[in-house]
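Student: Submitted below is the structure of interest, expressed as structure tokens.
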Amino acid sequence: MTSRKQAQGRQNLDKKKATRAADLSWSQCRTPYFTLFVLLHFLTARAINVPESEGAYTQEFFEEHRKNQGVYPLLVQAMWDTIRSFSPNDRGSGRGDFSVLDVGCGHGLLVEAWRRAGTTESHCMEGSEEAAPMWPAANRTRYYQVVDLAGEEAPLRVPPTDVVTSFEVAEHLPESRATAFVGLMVQHEPAWVFFGAATVFQDLGKNPSHVNERPLAYWVEKFREHQYVLHPWETLSLRLALLRVGEGGAPAAEVLQAWWYPKNALVFVPVSRQAEADQAVLQHAQGLIVDQLPQGDLGGDSLFGLMWKRDWTEFANIFHQARAQAERNQFLEGQGGGEF
54 MTSRKQAQGR QNLDKKKATR AADLSWSQCR TPYFTLFVLL HFLTARAINV PESEGAYTQE
114 FFEEHRKNQG VYPLLVQAMW DTIRSFSPND RGSGRGDFSV LDVGCGHGLL VEAWRRAGTT
174 ESHCMEGSEE AAPMWPAANR TRYYQVVDLA GEEAPLRVPP TDVVTSFEVA EHLPESRATA
234 FVGLMVQHEP AWVFFGAATV FQDLGKNPSH VNERPLAYWV EKFREHQYVL HPWETLSLRL
294 ALLRVGEGGA PAAEVLQAWW YPKNALVFVP VSRQAEADQA VLQHAQGLIV DQLPQGDLGG
354 DSLFGLMWKR DWTEFANIFH QARAQAERNQ FLEGQGGGEF
């Protein structure tokens with residue numbers, strides 16, 4: 054009886070710690086530096102929530118983005134390492150015999166990076182016709198399509214794949230379509246979803262097409278509503294793989310140029326794999342490295358540096374909350390109960 058009371062006491066303490074961690078992530082956003090950050094945003098930049106009609110991307114924009122093409126083989130390698138770390142019997146075994154859909158693929162550079170890595174069935178759904186001239190002519194008809202990602206027809210056009218990716222797309226859709234957009238990505242129950250979206254004030258209001266910038270926790274909850282859960286350990290592993298891919302374990306120049314990938318990336322799996330995610334986060338180290346802002350003094354006390362620290366701090370809090378929840382789930386399973 055005493056041991057059970059002690060375990061219950063530890064559960065209550067974990068809950069208090071998790072609640073305090075969640076509060077801390079936002080209390081840190083109210084520091085004088087961050088207040089100055091927000092004020093400068095409103096004084097010197099355009100407001101983020103502007104009419105969608107002003108946010109259309111041009112062909113010139115997509116061509117300009119070619120300068121970031123070096124990051125996509127690195128991103129594919131990091132995601133592929135995640136996929137193949139699991140059983141060959143799983144969908145997406147990492148042998149190249151799995152299919153991928155990139156939602157909001159833009160220029161198609163990630164789609165073709167998957168293909169060059171050996172994943173032939175690499176598909177794209179894109180909302181802007183201006184991106185189409187960049188798509189390889191040989192693959193355009195079979196693997197690429199233009200469709201309004203916020204429209205009612207979009208779910209009808211989603212090909213079933215083992216893996217779905219979507220990076221820096223969700224913030225371009227109105228908040229009223231956020232839930233439906235997540236539903237679109239998971240409607241065919243992919244084994245893995247690799248996702249990232251711009252966080253609050255990420256572009257200082259200079260990108261008028263960012264109409265729904267949100268903290269990481271917002272998207273974690275949206276996916277949970279659709280029966281997908283964050284895989285904390287694989288998310289951390291993916292981020293660190295990107296940040297340590299350069300010489301001497303430092304970030305490669307390609308990653309520093311496309312810094313939003315290691316800052317915003319999240320890995321989701323079906324809720325049926327909750328136990329797998331729990332086991333992974335419990336098996337590995339305490340996750341203390343997540344508190345160290347990996348390569349994470351990028352930008353110092355600049356506005357970018359403050360944003361980088363804020364978002365890594367939020368992810369650290371999410372990670373520790375997930376670990377605390379995994380410990381509770383493990384305890385309750387030992388007591389014959391369900392998820393707490």
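Residues 54 to 393, numbered by this note's numbering, are exactly what the sequence shown covers, in order. For every residue, glycine included, the Cβ atom is placed at its ideal position computed from N, Cα and C. Quantities reported herein were computed from a predicted structural model and do not represent experimental measurements.
Give the DSSP bridge partners of residue 179, in chain order.
Tutor: Numbered from its first residue, the sequence shown carries residue 179 at position 126. The partner list for residue 179 (beta bridge, DSSP) reads 199.
Student: In angstroms with no decimal places, state the Cα-to-Cα distance between residue 201 and residue 179.
Tutor: The residue given as residue 201 occupies position 148 in the sequence shown. The residue given as residue 179 occupies position 126 in the sequence shown. Between residue 201 and residue 179, the C-alpha separation is close to 8 Å.
Student: Hey, would you say residue 289 sits closer than 7 Å to residue 315, going by beta carbons?
Tutor: Here residue 289 is taken as the residue at index 236 of the sequence shown, counted from 1. Here residue 315 is taken as the residue at index 262 of the sequence shown, counted from 1. Result no, Cβ atoms of residue 289 and residue 315 do not sit closer than 7 Å.
Student: Output the distance between the C-alpha atoms of residue 388 and residue 352, rounded to the nearest integer angstrom.
Tutor: Walking along the sequence shown from the start, residue 388 turns up at place 335. Walking along the sequence shown from the start, residue 352 turns up at place 299. When rounded, the distance between both Cα atoms is 48 Å.
Student: Using only alpha-carbon positions, find the residue among 173, 169, 258 and 198 that is nearest to residue 181.
Tutor: What you label residue 181 is simply residue 128 of the sequence shown in a count that begins at 1. Selected option, being the one with the closest Cα: 198.
Student: So within the region 211–271, which uninterrupted alpha helix (DSSP H) runs reach at least 4 residues, ignoring any that extend past its ends?
Tutor: 231–239
Student: Please identify the residue among 235, 115, 240 and 336 whose C-alpha is closest to the C-alpha of residue 215.
Tutor: To locate residue 215, count along the sequence shown from 1; it is residue 162. That would be 240, whose Cα lies nearest to the Cα of residue 215.
Student: DSSP on residue 323, reduced to helix/strand/coil?
Tutor: What you label residue 323 is simply residue 270 of the sequence shown in a count that begins at 1. If DSSP states are grouped into helix, strand and coil, residue 323 belongs with the strands.
Student: Among 277, 322, 137 and 318, which has the Cα closest to the Cα of residue 293?
Tutor: Taking the first residue of the sequence shown as position 1, residue 293 is located at position 240. Nearest C-alpha to residue 293: 318.
Student: Ordered along the chain, which non-local residues of its own chain (more than five positions away) have a Cβ less than 6 Å from that of residue 220?
Tutor: Walking along the sequence shown from the start, residue 220 turns up at place 167. Within the same chain, 249 come within 6 Å of residue 220 by CB-CB distance, once the 5 residues on both sides are set aside.
Student: For residue 232, collect the residues of the same chain with a Cβ closer than 7 Å to its Cβ; drop the 5 residues on either side in sequence, then sort them by chain order.
Tutor: Locating residue 232 in the sequence shown gives position 179, counting from the first residue. The answer, listed in chain order, is 275 and 278.
Student: May I ask you to report which of helix, strand or coil DSSP gives residue 2?
Tutor: The chain is shown from 54 up to 393; residue 2 falls before or after that span and cannot be answered.
Student: Residues in the same chain with beta-carbon distance under 6 Å from residue 218, minus the five sequence neighbours each way, listed in chain order, please.
Tutor: Position 165 of the sequence shown, counted from the start, is the residue given in the question as residue 218. The beta carbon of residue 218 sits closer than 6 Å to the beta carbons of 155 and 247 from its chain, once the five residues preceding and following it are set aside; these are given in chain order.
Student: Does the pairing of the region 296–314 with the region 117–132 give three or more beta-carbon distances under 8 Å?
Tutor: yes
Student: Identify the continuous alpha helix (DSSP H) that holds residue 209 and give its terminal residues.
Tutor: What you label residue 209 is simply residue 156 of the sequence shown in a count that begins at 1. Segment: none, residue 209 is in no alpha helix (DSSP H) and carries neither H nor E.
Student: If the criterion is Cβ atoms closer than 7 Å, does the pair residue 124 and residue 320 meet it?
Tutor: Your numbering for residue 124 matches position 71 in the sequence shown. Your numbering for residue 320 matches position 267 in the sequence shown. Going by C-beta atoms, residue 124 is not nearer than 7 Å to residue 320.
Student: So for residue 164, helix, strand or coil by DSSP?
Tutor: Start at 1 with the first residue of the sequence shown, and residue 164 comes out as number 111. Helix at residue 164.
Student: Return helix, strand or coil for residue 110, following the three-state DSSP convention.
Tutor: Position 57 of the sequence shown, counted from the first residue, corresponds to residue 110. Three-state DSSP puts residue 110 in coil, outside helix and strand.
Student: Suppose contacts are defined by Cβ-Cβ distances below 7 Å. Is residue 160 in contact with residue 115 by that definition?
Tutor: Against the sequence shown, residue 160 aligns to sequence position 107. Against the sequence shown, residue 115 aligns to sequence position 62. Yes, the pair counts as a contact, with Cβ atoms nearer than the cut-off.
Student: In chain order, what residues of the same chain have a beta carbon less than 6 Å from the beta carbon of residue 287, not counting five sequence neighbours either side?
Tutor: Within the sequence shown, numbered from 1, the residue matching residue 287 stands at position 234. Excluding residues within five positions, the ones whose Cβ falls inside 6 Å are 135 and 320.
Student: In the DSSP assignment, what are the bridge partners of residue 154?
Tutor: Within the sequence shown, the letter at position 101 stands for residue 154. Answer is 176 and 217, bridged to residue 154.
Student: Just to confirm before moving on: does the CB-CB distance between residue 251 and residue 230 stay below 7 Å?
Tutor: Within the sequence shown, residue 251 is the residue found at index 198, counting from 1. Within the sequence shown, residue 230 is the residue found at index 177, counting from 1. No; because the gap between Cβ atoms is not below 7 Å, this pair is not in contact.
Student: For residue 282, which residues does DSSP report across the bridge?
Tutor: For the purposes of this step, residue 282 is identified with residue 229 of the sequence shown, where counting begins at 1. Answer is 322, bridged to residue 282.
Student: For residue 373, which of helix, strand or coil comes out of DSSP?
Tutor: Position 320 of the sequence shown, counted from the start, is the residue given in the question as residue 373. Three-state result, residue 373: helix.
Student: Could you please give the first and the last residue of the uninterrupted alpha helix (DSSP H) stretch that includes residue 132?
Tutor: By 1-based counting over the sequence shown, the position of residue 132 is 79. From DSSP, the alpha helix (DSSP H) with residue 132 extends over 124–136.
Student: Alpha carbon to alpha carbon, how far is residue 379 from residue 332? Give it in angstroms, no decimals.
Tutor: The sequence position of residue 332 within the sequence shown is 279, counting from 1. The sequence position of residue 379 within the sequence shown is 326, counting from 1. Rounded to whole angstroms, the gap between the alpha carbons of residue 332 and residue 379 is 8 Å.
Student: With residue 265 and residue 209 assumed to form a contact (beta carbons below 8 Å), what rounded beta-carbon distance in angstroms separates them?
Tutor: Position 212 of the sequence shown, counted from the first residue, corresponds to residue 265. Position 156 of the sequence shown, counted from the first residue, corresponds to residue 209. The pair is not a contact, with the Cβ atoms about 23 Å apart (cut-off 8 Å).
Student: Using the three-state DSSP reduction, which class does residue 395 fall into: helix, strand or coil?
Tutor: The chain is shown only over 54 to 393; residue 395 falls outside these bounds and no answer can be derived.
Student: Under a Cβ-count criterion, where at least 16 other Cβ atoms within 10 Å of its own Cβ denotes burial, should residue 399 be classed as buried or exposed?
Tutor: Residue 399 lies beyond the residue range present for the chain, which begins at 54 and ends at 393; the question has no answer from this structure.
Student: Label residue 237 either buried or exposed according to how many other C-beta atoms from any shown protein chain fall within 10 Å of its C-beta, with 16 as the threshold for buried.
Tutor: As a position in the sequence shown, residue 237 is number 184, starting the count at 1. Residue environment: residue 237 is assigned as buried (16 or more neighbouring CB atoms within 10 Å of its CB, all protein chains considered).
Student: Residues in its own chain within less than 8 Å of residue 383 by CB, not counting five upstream and five downstream?
Tutor: Position 330 of the sequence shown, counting from 1, holds the residue named residue 383. Result list for residue 383: 331 and 335, in chain order.
Student: Excluding the 5 residues flanking residue 311 on each side, which residues of the same chain have their C-beta closer than 7 Å to its C-beta?
Tutor: As a position in the sequence shown, residue 311 is number 258, starting the count at 1. For residue 311, where only same-chain residues beyond five positions count, the Cβ hits under 7 Å are 121 and 124.
Student: Please return the same chain residues whose Cβ sits closer than 6 Å to the Cβ of residue 305, not counting the five positions on each side in sequence.
Tutor: On the sequence shown, residue 305 is found 252 positions in, with the first residue counted as 1. Correct list, in chain order: 298 and 299.
Student: Could you pull out every residue in the same chain whose Cβ sits closer than 6 Å to the Cβ of residue 273, ignoring the five residues on either side in sequence?
Tutor: The count along the sequence shown starts at 1 and reaches residue 273 at position 220. For residue 273, where only same-chain residues beyond five positions count, the Cβ hits under 6 Å are 283.
Student: Please classify residue 152 as buried or exposed, where buried requires at least 16 neighbouring CB atoms within 10 angstroms.
Tutor: Looking up residue 152 in the sequence shown gives position 99. Residue 152 is buried by the Cβ-count criterion.
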